Structure formats: C-alpha cells, structure tokens
Amino acid sequence: MKIAVPAETEGGEPRVAATPDTVKRLTGLGAEVSVEAGAGMRAGIPDADFAAAGARVGNGAAVKDADIVLKVRRPSKSEVAGYKPGALVIGILDPYGNDTALAELAAARVAAFSMELLPRITRAQSMDVLSSQANLAGYRAVIDASAEFGRALPMMMTAAGTVPAARIFVMGAGVAGLQAIATARRLGAIVTATDVRPAAKEQVESLGAKFVAVEDEEFKQAETAGGYAKEMSKEYQAKQAGLVAAHIAKQDIVITTALIPGRPAPKLISAAMVQSMKPGSVIVDLAVERGGNVEGAKPGEVAEVKGVKIAGYLNVPGRLAATSSSLYAKNLFAFVELLIDKEKKLNVPWDDEIVKATLLTRDGAVVHPNFQKKT
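For the sequence shown, the tail end lands on 1016 under the working numbering, and the numbers increase by one without skipping.
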C-alpha cells in the first residue's frame, strides 16, 4: 500500500496533509509513505523530519504509483491526470458549485473523498476537518481583530487611569464562533454573541458571554437534525437585523462566522450597520470566501469604510499553518485507518456510512447523490 503526500499547488495554501507523527502512524499500518520535497516547509516541517519519520522524500511524491493521495485542497486537472486509475484521493475537495472539477475527478477514474461531507456522528468526530480547522479560524479571528484594533482588549487599571475593556460581538456560535468567544474572554474583552440555533444560547452563556437574539417560535425550530443552522425566513431576518443593528453600533469588534454548507454566506451586516460603528472599530468576516457576511468585505483584503476596518482574510486556518496541518493530518489518519483492515491491507468498506457520505467519484462517475446531475 503506497500513500503519497504532494505539495499543495494552489497559491497561498501553506498547509500540508501529513506530519512526521502521522507518517509514523501510517507506516505502522503497513503503508509506504512518499512526501514531496518542500511540502511541509510553509507549515514549519523540514524534509528531514519527514525522512526521519520513515517517509521517502523526493522531488515528486510518487503519485503515479500511489494507492492513496492525501491532499489539503482539491487537485487540479493536471495533477489528477498523473494519478493512477482507482487511486483514493482524500482532501477538502470543495464540491459545491464545482461541477467541472468533479467531472475531471470522475474522468480520471479516481475514488475521491471530500472530508467536509463527513456525517455528524460520534464515530466521525476524530476525522472532522471542518471542526478542527474552524476551531483555529475562530481563535485566529480574535488575534487578527486585536492586531487591527490597535487598542488593549482587557480592562486595565493604571496610575494614569483606567482602560475600558473592548466590546466584542461574535455572530454565529458554531465551532469557530465558540472558539472566538472563548479566546476573546481569555483576553479580557466583554463578549456578546448571537446564533439562530436555540442550543447555542446555553453554549454561549457557558463561556461567559451574553446571548443576543430574537427568541420567538421560529427561533425555537431553527436547527437541522444534523446540527446546522436552518436558513431563516425574511420576517425573522428583519427582526433579528433590527436587534443586531442596535447592538453592533456599540461594539468595538465584530466577528462573523455564519456559513450554511453549499450556499452563499448569509449577509448579516449591512453597509449602514458598518457605518454605525465608531471609527477604529474592526469587523472580521470569516465567511468571505463564500461571499461574506459583511457588505463591503473584500476577499484577501482589509477594507476600510469611514474608519471602520473590515478584515476579509482568506484561508484563515492557513494563517496558523503548523497547528492546522497537525490537526488536519490527524483527521486524515483517522479516516485512512478506517480503510485498512486487520491484515494491514487497503480494503475500503464501501457500505460504511462514513465512506458513503464522503465519496464523490468512483469508477469514472460522480456517485454522491447530492452532486449528480439532475435529469
């Protein structure tokens, strides 16, 4: 069984799909691991560390002979053309709205697994790339906001006077939002948060933040069986927007994290709300790659509107490449472990619910029901 870890070719992606620790674990499962030279450099992992862990390191990752290819981002058409038919390609493949790319994966006759499609079940928690990466994004959002804010976050009582605590509002209390709340609290800010899911209220309050929401009947039903937020009615959105607008005007920092899988990011902050904030205030939009939660956010830039900064950093987990690679590699190892039997042979359990939920293409076809073309 041969496993290849190529360097990421998409510009700006510093993460890597394996670490020396997971290389050791994979070789322990009977795999021969090949890592492309330089693949881990931007995540702080030199080639020598991979070699010491038992990987073969070279100018290519031996992908043409690999049974499994581990990736962070979806491979390009030219990359996948070099994979052997039947190879398993595992990564964050971003299938939504990318029909052409899925067709290319199918045409290459690889079995492509998209890790962001994992079912939310207990058995899959150790493989949950969305949670591991979102957790770091929430942390980094507060650090980035603090850097742009240019003022202290905690209250400080000094001989020269008292510095008031910064007010931070977190919109969306999923994994990223909860970590943002926890980080902001640790740094001494006064934190409030909102979410359309009723279960989020208790989670927010358990972290010491105040919950802000219109708690009507629609709010009480606003969560899917899978634990995601439902898209709310226009009427509810209007009521919530009114409450939030008044609240935002009093904040120093706002962090938005709202995403619904497969859909454009909902607009949470209008231009008028941005302009209601004090000059020097900061907004961090973690949904900017999906269209953004904030009107005026620009992907990859820190925009400024009448003195209010709107940070639209791309690939926020990648801004902590060493840590995010470590967690991501462990997620992938847990998934690969599922595909190997007790005899240390690659033996994909095609009927397993985790395998079926993540499998996009196989035997030359797009097989995931959510991404097959409608006839």
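Quick reminder that beta carbons are idealized off the backbone N, C-alpha and C, glycines included. Keep in mind the model is a prediction, meaning the values are calculated, not measured.
query, result
"Hey, how far is the Cα of K880 from the Cα of V855?", "7 angstroms"
"Which residue's Cα is closest to the Cα of D857: V837, K871 and E846?", "V837"
"Taking the CB atoms as reference points, tell me whether T999 and F754 lie closer together than 7 angstroms.", "yes"
"Starting from A1006, follow its DSSP beta bridges and name the residues at the other end.", "R1003"
"Which residues in the same chain have their Cβ closer than 8 angstroms to the Cβ of K986, if we skip the five residues on either side of it in sequence?", "M642 and G671"
"L759 to A970, Cα distance in whole Å?", "16 angstroms"
"With burial defined as no fewer than 16 other Cβ atoms inside 10 Å of the residue's Cβ, what is the status of S1022: buried or exposed?", "With the chain covering 642 to 1016 only, the question about residue 1022 has no answer from this structure."
"Judging by CA-CA distance, which residue of G685, G723 and G727 is the nearest neighbour of G1005?", "G727"
"Can you give the beta carbon distance from L848 to I822, rounded, assuming they're within the 8 angstroms contact cut?", "5 angstroms"
"Kindly list the residues whose CB is nearer than 8 angstroms to the CB of V853, restricted to its own chain and excluding five residues on each side of it in sequence; keep chain order.", "F810, T833, A834, T835, L884, V885 and H888"
"Please list the terminal residues of the continuous alpha helix (DSSP H) segment that includes F790.", "V770 to F790"
"Just mark G933 as buried or exposed, buried being the case when its beta carbon has 16 or more other beta carbons within 10 Å.", "buried"
"Can you tell me whether E745 is buried or exposed, with buried defined as 16 or more other CB within 10 angstroms of its CB?", "buried"
"Tell me, which residues are paired with K1022 by DSSP?", "Outside the shown range of the chain, which is 642 to 1016, sits residue 1022, and nothing can be said about it."
"Tell me which same chain residues have a C-beta within less than 8 angstroms of the C-beta of D982, skipping the five on either side of it?", "N988"
"Let me confirm a value: G669 is counted as buried when at least 16 other C-beta atoms fall within 10 Å, else exposed. Which label applies?", "exposed"
"Cα separation between K997 and A952?", "37 angstroms"
"Going by DSSP in three states, A696 sits in which element: helix, strand or coil?", "coil"
"What did DSSP end up calling K950 once you bin it into helix, strand or coil?", "strand"
"Below 7 angstroms between beta carbons: does that hold for V957 and M918?", "no"
"Classify N972: buried if its beta carbon has 16 or more other beta carbons within 10 angstroms, exposed otherwise.", "buried"
"Decide if D992 is buried, meaning its Cβ has at least 16 other Cβ atoms within 10 Å, or exposed.", "exposed"
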